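In mature numbering (1 follows the signal peptide of the UniProt record, and there is no 0), the protein residues as written are -22 to -1, 1 to 49.
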């Protein structure tokens, strides 16, 4: 019973940490905010070397980038 309560507490903690991610409100769920230079949302290419729809490969950052969502 104690391990079940502990597991629930860990899940809640992970959810809170994930939701408070710095760039999460400005970037799609698959990307993170990168402010090395102008701030953009970045993610890695897939196994075939393609960027997700809407992203463009940035050779300087070596990542797929898209502008931040301005809500």
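From the three backbone atoms N, C-alpha and C, an ideal C-beta is built for every residue, glycine too. Please read all numbers here as calculations on a predicted model, not as lab measurements.
- By a C-beta neighbour count over all protein chains shown, 10 Å radius and 16 as the cutoff for buried, is residue 9 buried or exposed? Its Cβ being crowded by 16 or more others within 10 Å, residue 9 is buried.
- Item | Span separating the alpha-carbon of residue 52 from that of residue 25 | The chain is shown from -22 up to 49; residue 52 falls before or after that span and cannot be answered.
- Assign residue 18 to one of two classes, buried (16 or more other C-beta atoms within 10 Å of its C-beta) or exposed (fewer than that). buried
- Query: Looking at the structure shown, is residue 10 part of a helix, part of a strand, or coil, going by DSSP?
  - Reply: The answer is strand: DSSP assigns residue 10 an E or B state.
- Item | From 37, 15, 21, residue whose alpha carbon lies closest to that of residue 5 | 21
- Task: Over the uninterrupted beta strand (DSSP E) stretch that includes residue 36, give me the two end residues.
- Result: 34 to 36
- Query: In angstroms, rounded to a whole number, what distance separates the CA positions of residue 37 and residue 43?
  - Reply: 10 Å
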